[in-house]
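For the sequence shown, the positions run -19 to 167 when the numbering used here is used. All residues carry an ideal CB built from backbone N, CA and C; glycine is no exception. The next block holds one structure in the form of structure tokens; read it before the comments.
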Amino acid sequence: WPRLKTLDLDGTPIGPDGYPQLCGAITAKHMPQLQTLHLQDTGMGDIGARLVFSALGCLPTLSLLNLSLNPFGEEGLAPLQHKPMARTHLVVAGLKELHMLAMPGMNKKAWQFLGRTIMGGTFPALENLYATAAQPEAVRCAAEPAKLAVAAIRAGREATKASKAAVAALGTVHTAKKKANKKAKTA
């Protein structure tokens, strides 16, 4: 499937045997052009989530991942954990959208963990996180730490752009002053 750009398995009961096969195909780089991966409501538990997150680094063009309506929790997020002594760190460079709506296994601690991984650079291009826990209302607000992490990363990117623009503008002003001074000396 070297030209596959979208894989939509929403609502498909993949089961415990399906995730190793799917992730094996991903890590074997059978889908190098995959941009969108929909795994909403596939019954993904912690083991499936660990496999999927571990394989994401092999999808350089992935920009959207939908994991909504799956029961995994903090244990499923384990591959995202940054280990300071580790030589490598999972980075999903191109992911811009992550959908994690109505996630019954995600408690406040799990959302905080996800927020820390976002702040740690696992998803450097992430622009949108669509996230809610399952009912009740008190639990639904638990996704806030992860959403704030995305907002902080987005603000950091904007600040970097503004800083580069300011440096460029100052360089232009400096160059113009040098030219004016040179003309004044030769005149």
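Query, Result
"Do you know how far the Cα of T155 is from the Cα of E54?", "54 Å"
"Contact between the stretch -2 to 12 and the stretch 45 to 62: three or more CB pairs below 8 Å?", "no"
"In this structure, does DSSP put M80 in helix, strand or coil?", "strand"
"Beta strand (DSSP E) containing T(-14): first to last residue?", "-14 to -12"
"With respect to the alpha helix (DSSP H) encompassing L41, which residues constitute its N-terminal and C-terminal limits?", "Here residue 41 is Thr; the residue named in the question, Leu, does not match the sequence. No alpha helix (DSSP H) contains T41, which DSSP labels as neither H nor E."
"So, is Y110 buried or exposed, given that buried needs 16 or more other C-beta atoms within 10 angstroms?", "exposed"
"Could you have a look at N50 and say whether DSSP puts it in helix, strand or coil?", "coil"
"Roughly how many angstroms separate the alpha carbons of P(-7) and T22, rounded to a whole number?", "5 Å"
"Measuring only the C-alpha atoms, how far is K163 from K157?", "10 Å"
"Assign G28 to one of two classes, buried (16 or more other C-beta atoms within 10 Å of its C-beta) or exposed (fewer than that).", "buried"
"Would you report the Cα separation of L39 and E77, rounded to the nearest angstrom?", "14 Å"
"Quick one: is W(-19) buried, meaning 16 or more other Cβ sit within 10 Å of its Cβ, or exposed?", "exposed"
"Bridge partners of N87, per DSSP?", "The partner list for N87 (beta bridge, DSSP) is empty, contrary to what the question assumes."
"Between T173 and the rest of its own chain, which residues show a CB-CB distance below 7 Å, the 5 nearest in sequence each way excluded?", "Nothing in the structure corresponds to residue 173, since the chain is present only between -19 and 167."
"Is the beta carbon of W91 closer than 8 Å to that of A123?", "yes"
"Looking at the secondary structure, which residues open and close the beta strand (DSSP E) in which T16 lies?", "16 to 18"
"Confirm, please, whether the CB-CB distance from I98 to V71 is below 8 Å.", "no"
"According to the neighbour-count rule (16 or more other Cβ atoms, all chains shown, within 10 Å of its Cβ), is R30 buried or exposed?", "buried"
"Suppose the cutoff is 6 Å on Cβ atoms and the five residues either side in sequence are ignored; what does the same chain contact list for A118 look like?", "In this prediction, A118 has a pLDDT of 49, which is less than 50 and means its spatial position is unreliable; nothing more can be read from the coordinates."
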